[in-house]
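One point on numbering: in this note's numbering, the residue at position 292 of the sequence shown is 936, and numbering is uninterrupted.
Working notes, beginning with the structure itself.
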Amino acid sequence: MNEENSRDDTTLIGLIQDGDESAYKQEAMQLVLWCSQNNLELNTLKTVEIIVDFRKHPSTLLPLTISNIPVSPVENFKFLGTTISQDLKWESNINSILKKAQQRMYFLRQLRKYSLPQELLIQFYTAVIESDLCSSITICVFEAGTDSLDELTDTVTSYIVFCEDMCVPTKTFCKYSNNKPWFTAKLKKLRHAKEDAYRGEDKALYKQARNQLTKEIRIAKRSYSEKLKSRFSANDPASVWKGLQNITNYRRPPLPTEANKDLADDLNTFYCRFENNIFTPLIQPSPMSAPITPLDSSLTTPSSTQVALTICEKDVYRLFQRQKTRKAPGPDGVSPCCLKACADQLAPIFTSLFNRSLELCEVPTCFKLSTIIPVPKKPSITGLNDYRPVALTSVVMKTFEKLVLAHLKKFGFQYNNSGNPPLQTPKPYYTPCLSVLCSSITIWFGAATKQERNRLQKTVKTAEKIIGAPLPTLQDLYHTRTRNRAGKIINDPSHPGHNIFQLLPSGRRYRTLFTKTARHRNSFFPQAITLTKN
């Protein structure tokens, strides 16, 4: 079996000197040969070629041919979310970035209209708008907004609830006491048609509408009866009780609600009484008893070679798809219906949150909150013990618990298998592959014109007016991210640009690159070396 795979955004960069294209074409042929040897299909029809030539009298180059098919030359193309032009100008890329940022300004204005705190407005701006101005939108923009796990989790859950409130339509239904459960919307239309015929004094039309309504009522009653029978035959106690309530027309009486703050405080103290450290040991240790020998550190401290639990995205997606939509959301407001409908979009960010929580050995605060609803056990309440506490916890936290529980059952907590040690999994090795052309502000900001920078900065100023707090300028963001990227390149010997950062004989500063043009001087590496010096 010959399996063919395809990979997008594969890029080949070559330098043509003195009109000699032999080395460039040979590199392209090696790429074609490597793809065929590794079962990768190179789609020539989707392959494009862009030629960057700043000479005064550029020569016309023959198009590159792959498998006897000429590659079409283009003036610009989109690579990893960034539009690269033939003249290395970023006007089209900045226009697309500006359009995205302006579209998201509407949501920022809506948040301010609802009187949200200034801290949440700044977090929303950092995660949604500032990420647009600096790079392409990915799911990791939330992680770039803060280093705190609690703030990151609160930002993600708040944004999900906000999008759900803004995008999901709501509809209000009028429910009357004499409504029949088998009376459907189709019967309602037929009844209106019969009433219209009666008002119009059309006897033939009225008789036809009446007969059709009677026939449809008989069919609706029969289908509803079969539905109730199926509930009793199903092996589901909830369906049986629901069927009994429908048959007996049982309506649960509404519970009296009283805004009693003292009762809430008393219930809180009553439910939390077991968490207080009020117990004293019954037997005091004897002073002549032997001292307790500490356990061996090798038994209590996990080995450095042992890998912590890592949660996969497909497992989170699978549990999100199994959510019951009728369940109520927890204190974070994330509903099971939203998790099930948007499991494909929400699984990556929650997988990152779960793995980060396991890495830090810390559970986010919003996942540990619970809404306690006291349900009376008796018709007449005589004490606090007559209330049954029903806790509404986060649906996301329940998913997290199921993932960890499955790992515990698999690795050492199986029945009649306590003597076997947990299985050791090999430590995954991950090597980040940083592209020379990446979708980031560190690429295009240095070569952007003053007019283009002012257009982008105007969006930041508009956001400042909406939030009412100062925000970092694009120049500051460019300097910060350039320093961070330069630090990663310096610490990574495998990076292709690692050797560019060469120290002077003094060992204190890096050697400045010699540049001839302003375009080269404003590019990433010369600017990174200059900013690293400062």
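All residues carry an ideal CB built from backbone N, CA and C; glycine is no exception.
Rounded to a whole number of angstroms, what is the C-alpha to C-alpha distance between residue 762 and residue 1112?
8 Å
Could you tell me which uninterrupted beta strand (DSSP E) segments, each at least 3 residues in length, are contained entirely in the stretch 972-1050, listed from first to last along the chain?
1014-1020, 1031-1037
Have a look at residue 797 and residue 1014 and give me their C-alpha separation to the nearest angstrom.
16 Å
Grab the span of the alpha helix (DSSP H) containing residue 728 for me, first residue to last.
Per DSSP, residue 728 belongs to no alpha helix (DSSP H); it is in the beta strand (DSSP E), 726-729.
Cα-Cα separation between residue 1033 and residue 794, rounded to whole angstroms:
27 Å
CB-CB under 8 Å to residue 1154, same chain, minus the five flanking residues each way: which ones, in chain order?
1145, 1146, 1147, 1148, 1173, 1176, 1177
Under the three-state reduction of DSSP, which class applies to residue 881: helix, strand or coil?
helix
Provide the residue span of the beta strand (DSSP E) that contains residue 683, from first to last.
Taken as a continuous stretch (DSSP letters only), residue 683 belongs to no beta strand (DSSP E), as it is neither H nor E.
Among 683, 750, 769, the one whose alpha carbon lies nearest that of residue 1116
769
Is the distance from the Cβ of residue 982 to the Cβ of residue 772 below 9 Å?
no
In chain order, which continuous runs of the alpha helix (DSSP H) of length 4 or greater are located wholly inside the stretch 847-880?
847-877
Between the CA atoms of residue 709 and residue 1163 - distance to the nearest angstrom:
31 Å
6 Å Cβ shell around residue 658 - same chain, five flanking residues per side excluded
668, 671
Per DSSP, what kind of secondary structure is residue 1146 in: helix, strand or coil?
coil
Below 9 Å between beta carbons: does that hold for residue 686 and residue 711?
yes
Going by C-alpha to C-alpha distance, which of 1020, 1087, 1023, 975 sits closest to residue 1040?
975
DSSP-derived helix/strand/coil call for residue 1126
helix
Rounded separation between residue 1152 and residue 958 - CA only:
48 Å
Can you tell me the Cα-Cα spacing of residue 1121 and residue 739, whole angstroms?
19 Å
Cα-Cα separation, residue 1167 to residue 688
31 Å
I need the boundaries of the alpha helix (DSSP H) containing residue 720, first residue and last residue.
It is not in any alpha helix (DSSP H) - residue 720 instead sits in the beta strand (DSSP E) that spans 720-723.
What does a CB cutoff of less than 6 Å around residue 1118 pick up in its chain, not counting 5 residues either side in sequence?
1100, 1101
Exposed or buried, which one is residue 1090 when buried takes at least 16 other CB atoms within 10 Å?
buried
Under 8 Å by Cβ, that's how I've got residue 705 and residue 695 pegged, so tell me the actual separation to the nearest angstrom.
6 Å
Which residue wins for smallest C-alpha separation from residue 690, given the options 714, 1158, 675, 680?
714
Pick out whichever of 861, 839, 814 has its Cα sitting closest to the Cα of residue 851.
839
Taking the straight line between their C-alpha atoms, what separation do you get for residue 1110 and residue 917?
46 Å
Look at the alpha carbon of residue 821 and the alpha carbon of residue 1004, and state the distance between them as a whole number of angstroms.
54 Å
Can you list, in chain order, the residues of its chain whose CB lies under 6 Å from that of residue 823, leaving out five sequence neighbours each side?
none
In whole angstroms, what separates the C-alpha of residue 721 from that of residue 731?
12 Å
Can you tell me which of 717, 733, 679 puts its alpha carbon nearest to the alpha carbon of residue 1095?
733
In its own chain, which residues sit with a C-beta less than 7 Å from the C-beta of residue 911, not counting the 5 before and 5 after it?
1018, 1028, 1031
Tell me whether residue 1123 is buried or exposed, calling it buried when 16 or more other Cβ atoms sit within 10 Å of its Cβ.
buried
If you run the structure through DSSP and keep just helix, strand and coil, what is residue 821?
coil
Let me know the secondary structure DSSP gives residue 945 once reduced to three states.
Low per-residue confidence applies at residue 945: pLDDT is 42, beneath 50, and the placement is therefore not dependable enough to give any value.
One or two residues paired with residue 693 in a DSSP bridge
717
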